[in-house]
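Visitor: Offset between the first sequence (1-based) and our numbering: plus 238.
Ideal Cβ placement from N, Cα and C applies to all residues, glycine included.
First, the structure itself, so that you have it in front of you.
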Amino acid sequence: MQLYQNQTIRVHNSLTGKKEVFEPINEGHIGMYVCGPTVYSNVHLGNCRTFMSFDMIFRYFKHLGFKVRYVRNITDAGHLENDADEGEDKIAKKAKLEQIEPMEVVQRYTVDFHETLQKFNFLPPSIEPTATGHIIEQIEIIKEIIEKGFAYEVNGSVYFDVPKFNESNEYGKLSGRKLEDMITNTRALTAQDEKRSPQDFALWKKAEPQHIMRWPSPWGDGFPGWHLECTAMSTKYLGETFDIHGGGMDLKFPHHECEIAQSEASTGKSPVKYWLHANMLTLNGKKMSKSTGNNIYPSEMFSGDNSIMSKAYAPAVVRFFMMQAHYTSILDLSDDALLASEKGYHRLMDALECVDGLKTATTSDFDYKAWKQKCYDAMNDDFNTPILIAHLFDAVKRINLIKEGNESISQEDKSLLQTTLASFVYDILGIENQKAVKDDSSALSGVMELLIELRNEARANKDFATSDKIRDQLIALGIQLKDGKEGTTFSIN
RNA sequence: GGCAUCGUGGCCGAGUGGCUAGGCACAGCUCUGCAAAAGCUUGUACAGCGGUUCGAAUCCGCUCGAUGCCUCCA
239 MQLYQNQTIR VHNSLTGKKE VFEPINEGHI GMYVCGPTVY SNVHLGNCRT FMSFDMIFRY
299 FKHLGFKVRY VRNITDAGHL ENDADEGEDK IAKKAKLEQI EPMEVVQRYT VDFHETLQKF
359 NFLPPSIEPT ATGHIIEQIE IIKEIIEKGF AYEVNGSVYF DVPKFNESNE YGKLSGRKLE
419 DMITNTRALT AQDEKRSPQD FALWKKAEPQ HIMRWPSPWG DGFPGWHLEC TAMSTKYLGE
479 TFDIHGGGMD LKFPHHECEI AQSEASTGKS PVKYWLHANM LTLNGKKMSK STGNNIYPSE
539 MFSGDNSIMS KAYAPAVVRF FMMQAHYTSI LDLSDDALLA SEKGYHRLMD ALECVDGLKT
599 ATTSDFDYKA WKQKCYDAMN DDFNTPILIA HLFDAVKRIN LIKEGNESIS QEDKSLLQTT
659 LASFVYDILG IENQKAVKDD SSALSGVMEL LIELRNEARA NKDFATSDKI RDQLIALGIQ
719 LKDGKEGTTF SIN
């Protein structure tokens with residue numbers, strides 16, 4: 239008996255615009271694909287929020303006992319700069335600017351991506367395929383689409399015929415657009431002579447002689463179009479139809495729209511049952527942008543080496559901050575908001591640390607079983623982490639009340655509380671207790687015990703000058719003493 | 001200009017056709033040698049204008065504003 243059999247999960251499906259009951263195609267198994275980063279620069283915080291949302295979803299499914307195959311790709315080629323760019327691809331362009339090999343760029347930023355995600359305590363996906371590793375699969379899909387009559391070749395490039403596709407299918411159903419509207423609203427672009435219609439998109443681009451990233455194909459040397467890699471890799475590892483496709487809001491159009499078109503054109507099937515889109519992260523109310531300077535990298539957040547925040551923030555604090563908002567809402571990052579989250583994070587961690595030492599009684603003053611189900615209910619309702627966190631703080635309050643002797647808890651409920659908190663905080667939200675690590679040192683705790691003893695002796699002797707000196711100097715070192723009914727404890731900030 | 005999402009108290013951020021989100025900040029109280037921590041209590045709210053309704057912040061319309069997409073983008 240798996241946990242998921244007792245829970246009804248509802249997810250917001252972008253395709254229908256509604257919350258729907260989640261039922262996997264194959265019972266007990268979930269196939270999930272998320273569009274990964276293009277590794278041509280350091281990963282930025284907005285990226286991290288999207289991937290973090292799906293990391294949380296992945297974690298929750300696993301916790302419920304589903305067998306999840308989570309595929310998140312690395313885009314290391316085939317990312318067209320734009321239609322007017324003579325087919326130069328994003329990776330190759332960056333490489334030329336920096337005078338290094340394209341794969342060197344890929345390597346450098348893939349490493350940065352993994353390092354950053356590790357700091358944020360991400361679980362690795364089941365498969366992390368690269369676009370360049372799936373050129374053959376992409377070529378095969380292009381062949382199929384051409385055979386079905388939905389693509390055409392011009393001068394060594396292959397384009398998807400959107401108007402033709404729209405005759406038998408519905409192009410724009412995910413993003414709520416109509417082809418007719420797009421035609422009237424398309425701006426004039428240069429260098430699109432090859433395309434029969436401005437809405438058509440590249441499946442394969444011919445490589446000019448100086449172009450470094452190139453592969454042979456039935457249409458000559460070239461490289462794949464951006465939208466195709468996701469179709470190729472999701473189909474290969476998850477099948478022609480799979481459960482969940484995720485990504486950032488901004489990928490809805492054209493990227494995900496094109497993925498649907500490619501799949502429907504080649505297999506005749508709609509590829510995805512549930513489309514999930516994570517919303518944007520803004521910085522001080524404005525979109526993040528490198529050009530305006532309204533931008534901050536994860537490493538700058540962690541180090542405090544930036545002009546936007548007043549201090550450094552631990553990865554776990556940033557993660558907690560992001561989990562306090564629903565993944566479908568725009569979230570605004572600011573120093574004030576982070577400071578508030580940091581305090582909340584510490585309060586949560588402090589409470590978690592003292593659960594183990596709680597004294598038990600024969601009965602409980604609180605319905606912990608009902609509380610536990612509320613936590614599940616929150617997650618089941620489209621992964622509502624802010625509501626979950628509200629319930630977690632309810633537990634924090636309970637813990638503190640018990641600690642002060644104002645409420646009681648039974649042994650049975652205590653272990654339920656302990657395991658439930660660990661599951662939701664550490665396993666599902668993925669929030670680490672980054673200060674507990676320091677408390678491990680036995681030398682430190684020995685010293686602290688001694689200092690607390692000395693201070694309490696001084697207090698007993700009304701030598702407040704000494705006791706306050708100990709307390710104040712410890713504060714200056716970032717160690718806070720807490721006088722409770724059961725004695726004095728400390729925490730390191 | 002078109003499409004989409006949204007506009008909640010000092011800040012962040014949930015939710016809902018009538019009944020307390022939560023965190024942070026602020027104030028009072030309890031505890032304390034004094035603090036801190038913790039607990040208790042209180043206040044300020046649903047952009048504006050119309051409409052539907054017994055009743056709307058929640059549904060509809062308009063206005064204003066924000067963000068995203070429409071061109072690479074999580």
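1) Pair every Cβ in the stretch 519 to 534 with every Cβ in the stretch 296 to 303, then say whether three or more of these pairs are closer than 8 angstroms.
2) The beta strand (DSSP E) with residue 498 in it runs from where to where?
3) I believe residue 312 touches residue 274 by the beta-carbon criterion, under 8 angstroms. Please report the beta-carbon distance rounded to the nearest angstrom.
4) Just to confirm, are residue 623 and residue 584 a CB contact at a threshold of 8 angstroms?
5) From the DSSP output, which residues share a beta bridge with residue 182?
6) Would a C-beta distance cut-off of 8 angstroms place residue 343 and residue 310 closer than the cut-off?
7) If you measure between the beta carbons of residue 281 and residue 436, is that distance less than 8 angstroms?
8) Have a look at residue 645 and residue 581 and give me their C-alpha separation to the nearest angstrom.
9) CB-CB under 6 angstroms to residue 552, same chain, minus the five flanking residues each way: which ones, in chain order?
10) For residue 570, does the three-state DSSP call read helix, strand or coil?
11) Here's a check: name, in chain order, each residue in its chain whose Cβ is nearer than 8 angstroms to the Cβ of residue 675, leaving out the five neighbours to either side.
12) Measure the C-alpha to C-alpha separation of residue 352 and residue 709 and round it to an integer number of angstroms.
13) So what's residue 390 in DSSP terms, helix, strand or just coil?
14) Is the Cβ-Cβ distance between residue 484 and residue 514 less than 8 angstroms?
15) Measuring alpha carbon to alpha carbon, tell me which of 498, 460 and 569 ends up nearest residue 480.
16) I'd like the list of long-range same chain contacts for residue 361, defined as Cβ closer than 7 angstroms, with 5 residues on each side in sequence excluded.
17) Considering just the uninterrupted stretch of the alpha helix (DSSP H) at residue 491, what are its terminal residues?
18) Which one or two residues does DSSP pair with residue 368 in a beta bridge?
19) Leaving out five residues on either side along the sequence, give the residues of the same chain with a beta carbon under 6 angstroms from the beta carbon of residue 290.
20) For the alpha helix (DSSP H) holding residue 270, just list the boundary residues, first then last.
21) With residue 388 and residue 554 assumed to form a contact (beta carbons below 8 angstroms), what rounded beta-carbon distance in angstroms separates them?
22) For the beta strand (DSSP E) holding residue 248, just list the boundary residues, first then last.
23) Which runs of the alpha helix (DSSP H) fall wholly inside the stretch 656 to 721 and span at least 4 residues, in chain order?
24) Report buried or exposed for residue 421, applying the criterion of at least 16 other Cβ atoms within 10 angstroms of its Cβ.
25) Rounded to whole angstroms, how far is the Cβ of residue 328 from the Cβ of residue 397, which I believe are closer than 8 angstroms?
26) Could you give the residue range of the alpha helix (DSSP H) that holds residue 414?
27) Which one of 573, 568 and 557 has the shortest CA to CA distance from residue 542?
28) Could you pull out every residue in the same chain whose Cβ sits closer than 8 angstroms to the Cβ of residue 618, ignoring the five residues on either side in sequence?
29) Looking at the structure shown, is residue 429 part of a helix, part of a strand, or coil, going by DSSP?
30) Pick out whichever of 264, 506, 314 and 286 has its Cα sitting closest to the Cα of residue 373.
31) Measure the alpha-carbon distance for residue 491 versus residue 596 and round it to whole angstroms.
32) Buried or exposed: which applies to residue 473, given that a residue is buried once 16 or more other Cβ atoms fall within 10 Å of its Cβ?
33) Hey, could you find the ends of the beta strand (DSSP E) residue 751 is sitting in?
34) Give me the residue from 509, 579, 686 and 725 with the minimum Cα distance to residue 716.
35) Please list the terminal residues of the continuous alpha helix (DSSP H) segment that includes residue 402.
36) Alpha carbon to alpha carbon, how far is residue 243 from residue 603?
Guide: Per the coordinate set shown:
1) Not touching, per the Cβ criterion.
2) Locating residue 498 in the first sequence gives position 260, where the first residue counts as 1. Careful: residue 498 lies outside any beta strand (DSSP E), inside the alpha helix (DSSP H) at 495 to 505.
3) For the purposes of this step, residue 312 is taken as residue 74 along the first sequence, with counting starting at 1. For the purposes of this step, residue 274 is taken as residue 36 along the first sequence, with counting starting at 1. Right, their Cβ atoms sit about 5 angstroms apart.
4) Taking the first residue of the first sequence as position 1, residue 623 is located at position 385. Taking the first residue of the first sequence as position 1, residue 584 is located at position 346. No, they are not a contact pair.
5) Given that the chain is displayed from residue 239 to residue 731, the structure contains no residue 182 and the question cannot be resolved.
6) Walking along the first sequence from the start, residue 343 turns up at place 105. Walking along the first sequence from the start, residue 310 turns up at place 72. With a cutoff of 8 angstroms on beta-carbon distance, residue 343 and residue 310 are scored as not near each other.
7) As a position in the first sequence, residue 281 is number 43, starting the count at 1. As a position in the first sequence, residue 436 is number 198, starting the count at 1. No, these two residues do not count as a Cβ contact at 8 angstroms.
8) One-based indexing of the first sequence puts residue 645 at position 407. One-based indexing of the first sequence puts residue 581 at position 343. Computed Cα separation, rounded: 24 angstroms.
9) Within the first sequence, residue 552 is the residue found at index 314, counting from 1. Result list for residue 552: 672, in chain order.
10) Residue mapping note: residue 570 aligns to position 332 of the first sequence, counting from 1. DSSP places residue 570 in strand when its eight states are reduced to three.
11) Along the first sequence, read from residue 1 onward, the residue named residue 675 stands at position 437. With a pLDDT of only 49 at residue 675, under 50, the local geometry of the prediction cannot be trusted, and no value is derived from it.
12) Position 114 of the first sequence, counted from the first residue, corresponds to residue 352. Position 471 of the first sequence, counted from the first residue, corresponds to residue 709. Using only the alpha carbons, I get a separation of about 41 angstroms.
13) Looking up residue 390 in the first sequence gives position 152. Annotated three-state conformation of residue 390 is strand, per DSSP.
14) If you number the first sequence from 1, residue 484 lands on position 246. If you number the first sequence from 1, residue 514 lands on position 276. It is a contact, given that the beta carbons lie within the stated cut-off.
15) By one-based count along the first sequence, residue 480 stands at place 242. Comparing Cα positions, the closest option is 498.
16) As a first step, residue 361 is located in the first sequence; it is residue number 123 there, counting from the start. So the list reads 293, 296 and 297, once near-sequence residues are dropped.
17) For this step, residue 491 is matched to residue 253 along the first sequence. It is not in any alpha helix (DSSP H) - residue 491 carries neither H nor E in the DSSP assignment.
18) As a working note, residue 368 is residue 130 in the first sequence. 312, per the DSSP bridge assignment.
19) Taking the first residue of the first sequence as position 1, residue 290 is located at position 52. Cβ neighbours of residue 290 beyond the five flanking positions: 560.
20) Looking up residue 270 in the first sequence gives position 32. Segment 267 to 272 is the beta strand (DSSP E) holding residue 270; no alpha helix (DSSP H) there.
21) The sequence position of residue 388 within the first sequence is 150, counting from 1. The sequence position of residue 554 within the first sequence is 316, counting from 1. Not quite, the Cβ-Cβ distance comes to about 48 angstroms (not below 8 angstroms), so this is no contact.
22) The sequence position of residue 248 within the first sequence is 10, counting from 1. 248 to 251 is the extent of the beta strand (DSSP E) around residue 248.
23) Here the runs fully enclosed are 674 to 677, 680 to 698 and 702 to 714.
24) As a working mapping, residue 421 is identified with position 183 in the first sequence. Classification for residue 421: exposed.
25) By 1-based counting over the first sequence, the position of residue 328 is 90. By 1-based counting over the first sequence, the position of residue 397 is 159. Between residue 397 and residue 328 the Cβ distance is about 19 angstroms, and since that is not below 8 angstroms, they are no contact.
26) Within the first sequence, numbered from 1, the residue matching residue 414 stands at position 176. Premise fails: residue 414 is in no alpha helix (DSSP H) and is neither H nor E.
27) Working through the first sequence from its first residue, we reach residue 542 at position 304. Selected option, being the one with the closest Cα: 573.
28) As a first step, residue 618 is located in the first sequence; it is residue number 380 there, counting from the start. Answer for residue 618: 245, 246, 247 and 248, listed in chain order.
29) The residue given as residue 429 occupies position 191 in the first sequence. Because the pLDDT of residue 429 is 48, which lies under 50, any placement of that residue in the model is unreliable, and the number read from its coordinates should be weighed accordingly. In the structure shown, the three-state DSSP call for residue 429 is coil.
30) For this step, residue 373 is matched to residue 135 along the first sequence. Of the residues 264, 506, 314 and 286, the one whose Cα lies closest to the Cα of residue 373 is 314.
31) Here residue 491 refers to the residue found at position 253 when the first sequence is read from its first residue. Here residue 596 refers to the residue found at position 358 when the first sequence is read from its first residue. Each residue's Cα considered, the two are about 53 angstroms apart.
32) Locating residue 473 in the first sequence gives position 235, counting from the first residue. So residue 473 ends up on the buried side.
33) Since the displayed the chain opens at 239 and closes at 731, residue 751 lies outside it and no answer follows.
34) Stepping through the first sequence from its first residue, residue 716 is reached at position 478. Checking every option, the nearest Cα to that of residue 716 belongs to 686.
35) By one-based count along the first sequence, residue 402 stands at place 164. 400 to 406 is the extent of the alpha helix (DSSP H) around residue 402.
36) For the purposes of this step, residue 243 is taken as the residue at position 5 of the first sequence. For the purposes of this step, residue 603 is taken as the residue at position 365 of the first sequence. Rounded to the nearest angstrom, the gap between the Cα atoms of residue 243 and residue 603 is 30 angstroms.
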